[in-house]
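Asker:
In the working numbering, the protein residues as written are 29 to 461.
1) Measuring CB to CB, does residue 247 end up less than 9 Å from residue 208?
2) Roughly how many whole angstroms lie between the Cα atoms of residue 266 and residue 158?
3) Using only CA atoms, which one of 409, 437, 346, 429 lies nearest to residue 451?
4) I need the DSSP call for residue 77, collapsed to helix, strand or coil.
5) Taking only the alpha-carbon atoms, compute the straight-line gap between residue 374 and residue 325 and give it to the nearest angstrom.
6) Since residue 319 and residue 257 should fall inside the 8 Å C-beta cutoff, what is the C-beta to C-beta distance between them, to a whole number of angstroms?
7) Would you list the one or two residues that DSSP bridges to residue 317?
8) Is the stretch 343 to 352 touching the stretch 268 to 280 in the sense that three or more CB pairs, one from each, lie closer than 8 Å?
9) Is it buried or exposed for residue 50, if we count other Cβ within 10 angstroms and need 16 for buried?
10) Leaving out five residues on either side along the sequence, give the residues of the same chain with a beta carbon under 7 Å from the beta carbon of residue 295.
11) Note down, one range per segment and in chain order, each beta strand (DSSP E) of at least 3 residues found wholly within the stretch 230 to 299.
12) Let me check one thing: in DSSP terms, what residues is residue 145 bridge-paired to?
13) Hey, how far is the Cα of residue 443 from the Cα of residue 64?
14) Looking at the ligand SAM, does it come within less than 8 Å of residue 40, judged from the CB to the closest heavy atom?
15) Can you say whether residue 263 is buried or exposed, counting buried as having 16 or more other CB atoms within 10 angstroms of its CB?
16) Is the beta carbon of residue 381 sitting closer than 9 Å to the one on residue 391?
17) According to DSSP, is residue 104 part of a helix, a strand, or is it coil?
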């Protein structure tokens, strides 16, 4: 089917009108417009085979926002219509489509998304939490363990590398790879990607102890980046911490004291700073250390910053809603293209959350779905050539009215054309009853 026939069928269906139980998908469209996906899709170099590439990709994004798992199909018309399609494409068609993007092209697309988030203020980029996680696949390759952990996975998996912005908890970058790569390789990829996205801005990278390797820390130091990583508790390091004079420690919290000493690391050309935290529990003394090259921050600031590493793990846990660890394939190009769709879905829902107001900022994407997506609506093309979305009895109608009243004017103020390109350039008009 050619593009002209698809748009003709779409227009007829909009003129006739339809009902949906997922009106929230249409609430997300202005935030999709803000991502300027039309230009970014060109980076993927995916040719149109019948259904246009943008509409194919948007359909997958819609399903990600609904938290779909096993099947890519949906009986409700909203995912297809919100994507500019008159009907839901088949699972087999979507699986073929997601095999067409090459890994380097998808990586460029993901970096472009990150740059867009920086430009719109969704990412600050000053402090970055870095982590890796395993995801299941059903391919033929056996996992080669590259990191010890408590994960109870089958012996087949793909590893994700994630860089998350501290505070906003929005992802800056994500990459999929087969296990077996070492921490230096992984860490360099994270640093290089972050620096490219942030245009060389100096950031502080927060790593767990797997990345506490002199060669990687030297690489970061030479590139003008800061790091904080948990110290590996080798016997010589434990002896170094125990040898610190007690009167060097200063009060940190009610039960903790803190200090720092210079240390030498293998494959690290200068001295690193080891911030040592002392905790006494029932008369037993415990010491832990953080390695950093930040010579300006106070000891307590380093200790306060390290827990932000959990932002990356919190994000991975939040993305369980979009089933980030359940993979339909062992092919990295297909997995990475799917990750790109998940990132778009997350960015859209996160931007929507940020516009709701401060009381909603703590909501994860699963909660946003439960509270804003599953509401009935009547959708039709009105006589002003607007797509009119009439939402009935929405529990948050008050805050939504404030957001979506005079939507066209608000979009124009941001330099966005109110007409939705993939919906035949019709603008949206929301009505709450």
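For each residue, glycine too, the CB sits at the ideal point set by N, CA and C.
Answerer: Per the coordinate set shown:
1) The residue you call residue 247 lines up with position 219 of the chain shown. The residue you call residue 208 lines up with position 180 of the chain shown. No. Outside cutoff.
2) Mapped onto the chain shown, residue 266 falls at position 238. Mapped onto the chain shown, residue 158 falls at position 130. If you take the alpha carbons of residue 266 and residue 158, they lie about 25 Å apart.
3) Start at 1 with the first residue of the chain shown, and residue 451 comes out as number 423. Of the listed residues, the one whose Cα sits closest to residue 451 is 409.
4) Working through the chain shown from its first residue, we reach residue 77 at position 49. In the structure shown, residue 77 sits in a strand (DSSP, three-state: E or B).
5) As a position in the chain shown, residue 374 is number 346, starting the count at 1. As a position in the chain shown, residue 325 is number 297, starting the count at 1. Straight-line Cα distance between these residues: approximately 33 Å.
6) Here the question's residue 319 lines up with position 291 in the chain shown. Here the question's residue 257 lines up with position 229 in the chain shown. 5 Å between Cβ atoms; contact.
7) In the chain shown, counting from the first residue as 1, residue 317 sits at position 289. According to DSSP, which records beta bridges pairwise, residue 317 is partnered with 304.
8) no
9) Numbered from 1 along the chain shown, position 22 holds the residue referred to as residue 50. Buried.
10) Along the chain shown, one-based indexing puts residue 295 at 267. Here the set comprises 242, 243, 246.
11) 232 to 235, 254 to 258, 284 to 291
12) Looking up residue 145 in the chain shown gives position 117. Note: residue 145 sits in no beta bridge, so no partner.
13) Counting from one through the chain shown, the residue named residue 443 turns up at place 415. Counting from one through the chain shown, the residue named residue 64 turns up at place 36. Computed Cα separation, rounded: 11 Å.
14) No copy of the ligand SAM occurs in the structure displayed, which carries no ligand at all.
15) Along the chain shown, one-based indexing puts residue 263 at 235. With fewer than 16 Cβ atoms within 10 Å of its Cβ, residue 263 is classed as exposed.
16) As a position in the chain shown, residue 381 is number 353, starting the count at 1. As a position in the chain shown, residue 391 is number 363, starting the count at 1. A contact, by the Cβ cut-off of 9 Å.
17) Taking the chain shown and counting its residues from 1, one reaches residue 104 at position 76. Residue 104 falls in the coil class under three-state DSSP.
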